[in-house]
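> Respectively, the protein sequence lines represent chains L and C.
Take 0 as the starting number for the first sequence in numbering that gives the first Met the number 0 and just add one per residue.
Take 0 as the starting number for the second sequence in numbering that gives the first Met the number 0 and just add one per residue.
Yeah, the Cβ is synthetic: ideal placement off N, Cα and C, and Gly gets one too.
After the structure tokens below, expect a handful of questions from me.
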Amino acid sequence: MATQLPVIDYEKIKKVHDAPLEEFYTSGHRTCQGCESAMVMRDFAKASGPRTVVTGATGCMYVANTSYLTTPWIVPWMHTQLGAGGASAVGMAAGLRALMRKGRIKKEKINVINFSGDLGAGDMGLSGVSGALQTDYDLLIILYDNESAANTDIQATGLTTYGAQTTFTPPGSKHRIMQRRWKKNVAAMLAVGHPTCRYVATASATFPALDFMNKTRKALSIGGPTFIHTFDPCPKGWDFHPRYAHELGELGVKSGIFPLYEIIDGQVVYTYDARQKGRIPVREYLEKQGRFAHLVDEDVDYIQSMVDTMWNEWDIPGVAPFKAGLSVAG
Amino acid sequence: MATVAERTNVWAKEVLLNGCQAVAQGVKLANVDVIAAYPIRPYTEVMDALSKLIADGEFDSEYIVADSEHSQFEIVKHASSVGARAFGGSSGTGWMYGFEALVVTATDRLPPLFVVGNRALDDPGAFGVEHNDALALRDMGWLLCWASTAQEALEHVLIGYRIAEDSRVLMPMALAMDGAFLTHSQHMIKVPTQEAVNKFLPPFNLGKRVLHPDNPVSIAPQVNEDWVMELRRQNWEAARRARQVIPEVYKSFNDLFGPRYANPFFDEFMCEDAEVVLVGLGAVKMPAQTAVRRMREQGKKVGYVNLRWFRPFPTEQLRETLGRMKGVGVIDRNFAHGSPDNGGIVVQDIRSALYPLTKRPVVTDFIGGLGGRDMSIQDCIRMLEITFDAASGKQGDELVTWIGLRE
């Protein structure tokens, strides 16, 4: 039986019109039309408000966002190296804590947030994110996942969907599929490995509406180091018309290939419970993207079978790949 | 200027400490706010000592055990960016592992201090001293100096922060010290009082570049071809200004703590009437100076220059001192494979500094003490003799001599 969930005292945004009007990530960037990662930036900045310091790891949200003299950031922002997202948050949080304790700056709650891409937080910087989640500093690391190294012309990362075409994994006359790695399950890996981390979540920038902003606020309110993994369709890298960006995020969630959940003090709470609401065929998600145009039926069947396993056979469906044969409540 | 009576009150105690522990005392006295640690010999004991000081309540600082040197250095960098005085360090390949973070700390113009317990680079593994680790910083916009005693190491934590944090400089500071010879040998160390240190070292103030909600700046955005040259020029100007700030800071230190440093950039030992000198960095000063004394007893006009500051390089001052000599022997406890004459790193800068002189000394190079191999008094005497030969044209074509190499 599930124990009582902890009460997280945070200012929930209940309706779209209740969301703050004030923007802290505004004009000045040059992200692509339909960029869902830009939505992630805008929404976490809006949700966290002005008493916030942010670092952004190298990636498309560095290169496309922050051209010298045209910054879109209203809150203080600093670049950090590709693999340094976790460390940058720890450094800022430690510095602020020491300065407040020693009376050198005013004591107040300052949100410390790092965003890193899938290549940053998911591959190169994974160790640093892990290190950050072992500390007792209040910080939030957001992994914005567009499943590629998107500012270097779309290269595969450890989080790219199986079978996808990238410039490192082009289909060829001998090998139809060059991306043969299954997507790394970062959020669950971090939750499993860091039992004192109180809040790990996955999110989509736009589905369900307001969900990501509320998760940001929850993460910042619960205290300690926290982590959110967002799922960001990328028109350039995934090869679809920008107008379908939100829809693709929704299809990814509804097909079950990107599960949405929170892990709060170790308890799993589904944001979109694909077991109860049912899953649409993964084909409906894949076929709308040019990066999967070279797949044949057997490839789609393979991906579908992997997603089926996630939801039908894992002890914690869609979350953690264990099959201990133990029953799990919920 | 402090009176003699005041100066006697600037020292709290004299205690037996090794080089690492002496540095830890300096970090404590500097009231550092954030420390990030990761273990690698031989610098590790600095962090051991600091964690114990914190555990015992003698020192108040954040102390983070990082997951790698890269994270360690980035933690230090970002702590500095919010206005905290931050401290890190490493040795050998650990230093190289975090090198990317070291590069950006300088281009971000942040002034934390790092200690480098010099260690040979892998492979093969060796714990002993070799200077290639710290010397790799030489083109990266860092302040870089070598301590030649544990006492100097302690004092250069304070001197280092004062120079690095000066608003005219704002460059990161690397304090190098020879692994084992300095890090792990014990000496009687004079520890300054906190009051005296507070007079010497003001609190860190990053000014208008501090990352805080009250100061919503964007730091280090993408500039591409539009601005890199101008920003590099700012680094260049900071390094140029550091050449002026360094003597000011040593003067202030000497005024408060006594006349400890006649020349901020390098120590001259029996150089006044010397014809031939050796130049070296770090702990080799001890055997080299003994060798100089012994040769002086035989009437040879020799001297020793202990080069403390490598970045900024004291070009003018070295020109003046070394320009008077007939021969200069450079002790390179490092190697620069494929460099001119396949020599060391230090000799290249010294030769370049001396080249514009119309009357130049003969400069010869010695590679020695690699991987912690001892450099004995006999080795130093031999180097002085070879330098004499070189100065009188007897050395032949060999411009680089390996010292202490097993044949």
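1) Would you kindly work out how many angstroms separate the C-alpha atoms of A163 of chain C and A187 of chain L, rounded to a whole number?
2) Just the Cα atoms here: how many angstroms apart are E397 of chain C and F98 of chain C?
3) Would a check of beta-carbon distances place P316 of chain L closer than 8 Å to chain C?
4) Out of curiosity, what's the CA-to-CA distance linking L15 of chain C and S90 of chain C?
5) What residues in the segment 181–205 of chain L have a beta carbon less than 9 Å from any beta carbon of chain C?
6) Taking 8 Å as the CB-CB limit, is W237 of chain L close to chain C?
7) With a CB to CB cut of under 6 Å and the five nearest residues on each side skipped, what residues in its chain are close to E61 of chain C?
8) Given a cut-off of 8 Å, decide if L317 of chain C and A352 of chain C are closer than it, judged by their beta-carbon atoms.
9) What are the uninterrupted segments assigned as beta strand (DSSP E) that are 3 or more residues long and contained completely in the segment 37–94 of chain C, given in chain order?
10) What's the C-alpha gap between N8 of chain C and L255 of chain C?
11) Should T148 of chain C and W10 of chain C be called a contact, given that it needs their Cβ atoms to be closer than 8 Å?
12) Tell me the rounded alpha-carbon separation between A218 of chain L and I227 of chain L.
13) Quick one: grab the DSSP three-state call for V278 of chain C.
14) When you compare each of C:R84, C:G178, C:P171, C:K284 to Y42 of chain C by their alpha carbons, which one comes out closest?
15) Alpha helix (DSSP H) containing E13 of chain C: first to last residue?
16) Per DSSP, what kind of secondary structure is G302 of chain C in: helix, strand or coil?
17) Can you tell me which residues form a DSSP beta bridge with E267 of chain C?
18) What does a CB cutoff of less than 8 Å around A414 of chain C pick up in its chain, not counting 5 residues either side in sequence?
19) If the cut is a Cβ gap below 9 Å, which residues of chain L does V345 of chain C touch?
20) Quick check on the burial criterion: 16 or more other C-beta atoms within 10 angstroms. Buried or exposed for N341 of chain C?
21) W401 of chain C by DSSP, collapsed to three states: which one?
22) Please determine, among L:V74, L:L294, L:P207, L:G124, the residue with the shortest C-alpha to C-alpha distance to K14 of chain L.
23) Candidates L:K235, L:H240, L:P280: which alpha carbon is nearest F257 of chain L's?
24) Tell whether a beta-carbon distance below 8 Å holds between A48 of chain C and Q71 of chain C.
25) Mind checking if S67 of chain C is an interface residue toward chain L, Cβ cutoff 8 Å exclusive?
26) Determine, for P41 of chain C, whether the minimum Cβ-Cβ distance to residues of chain L falls below 8 Å.
27) If you count every other CB in all the chains shown that lies within 10 Å of the CB of P224 of chain L, and 16 or more means buried, which is it?
28) Mind checking who A148 of chain L pairs with in its DSSP beta bridge?
29) Cα-Cα, which of L:V89, L:D137, L:L118, L:L259 is closest to I109 of chain L?
30) For the 8 Å Cβ check, are there 3 or more pairs between the segment 284–299 of chain L and the segment 250–267 of chain L?
31) What's the gap between the Cα of G58 of chain L and the Cα of D307 of chain L?
32) With DSSP as the reference, identify every bridge partner of R96 of chain L, one or two as the case may be.
33) Could you tell me whether the Cβ atoms of L109 of chain C and S79 of chain C are closer together than 8 Å?
34) Is the beta carbon of T205 of chain L less than 8 Å from the beta carbon of H245 of chain L?
35) Can you check whether the CB of V248 of chain C is closer than 8 Å to the CB of I188 of chain C?
36) Given that G94 of chain L touches chain C, what residues does it touch there, using C-beta distances under 8 Å?
The structure says:
1) 43 Å
2) 34 Å
3) no
4) 24 Å
5) none
6) no
7) V33
8) yes
9) 61–64, 85–89
10) 10 Å
11) no
12) 8 Å
13) strand
14) C:G178
15) From DSSP, E13 of chain C is part of no alpha helix (DSSP H) but of the beta strand (DSSP E) over 10–17.
16) strand
17) C:V304
18) What is shown of chain C runs 0 to 406, which leaves residue 414 of chain C out entirely.
19) In chain order: nothing, as chain L lies at least about 30 Å away.
20) exposed
21) strand
22) L:P207
23) L:P280
24) no
25) yes
26) no
27) buried
28) L:Q154
29) L:D137
30) yes
31) 32 Å
32) None; R96 of chain L has no bridge partner.
33) yes
34) yes
35) no
36) D32, V33, E61, H77, A78, S79, S80, V81, G82, A83, A85
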